[in-house]
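Below you'll find the structure, written out as structure tokens, and then a few comments.
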Amino acid sequence: MSTHTVTYETETTDYVTASGNLVGQGTYEYVRLDDQIGVVTYQPEEYRGMTNVVLHAIFDFSRGTDQAVLEHEGKPFAVAVGTFRDVPTPPREASR
268 MSTHTVTYET ETTDYVTASG NLVGQGTYEY VRLDDQIGVV TYQPEEYRGM
318 TNVVLHAIFD FSRGTDQAVL EHEGKPFAVA VGTFRDVPTP PREASR
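According to the working numbering, the sequence shown is numbered sequentially starting from 268.
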């Protein structure tokens, strides 16, 4: 289990930190479906040494939960289930 903090820098770019280190950055598309549900498609520049990775996530804001499917070259290879909350924005570290 790990804790990651996603910081949405702009309407289309974000970065991810864990334990104070930059672990990812990329582009995303976000759609809020209603007051409770939002979905995001995130395309990191690199994920665990792999390129061409896409993460599809569903956020349930009323419960503070998220579920995601990760794909590599169009094929699912992992799922994630977690919780989320607002936290202070961590600094973006220069290296991974």
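All C-beta atoms, glycine included, are put in the ideal place defined by N, C-alpha and C.
The model shown is predicted, which means the values in this text are computed figures rather than measured ones.
Cα-Cα separation, residue i to residue j
{"i": "Y297", "j": "D327", "result": "13 Å"}
{"i": "Q303", "j": "L322", "result": "20 Å"}
{"i": "G341", "j": "V320", "result": "8 Å"}
{"i": "D353", "j": "Y275", "result": "12 Å"}
{"i": "R330", "j": "G316", "result": "32 Å"}
Bridge-paired residues (DSSP) for residue i
{"i": "H339", "result": "V320 and K342"}
{"i": "P311", "result": "G293"}
{"i": "D393", "result": "There is no way to answer for residue 393, as the model of the chain reaches only from 268 to 363."}
{"i": "G305", "result": "R299 and F326"}
CB of residue i within 8 Å of CB of residue j, strictly
{"i": "A285", "j": "V307", "result": "no"}
{"i": "G293", "j": "R299", "result": "no"}
{"i": "P357", "j": "G287", "result": "yes"}
Which of helix, strand or coil DSSP assigns to residue i
{"i": "V298", "result": "strand"}
{"i": "V273", "result": "strand"}
Element boundaries [beta strand (DSSP E), containing residue i]
{"i": "T284", "result": "T280 to A285"}
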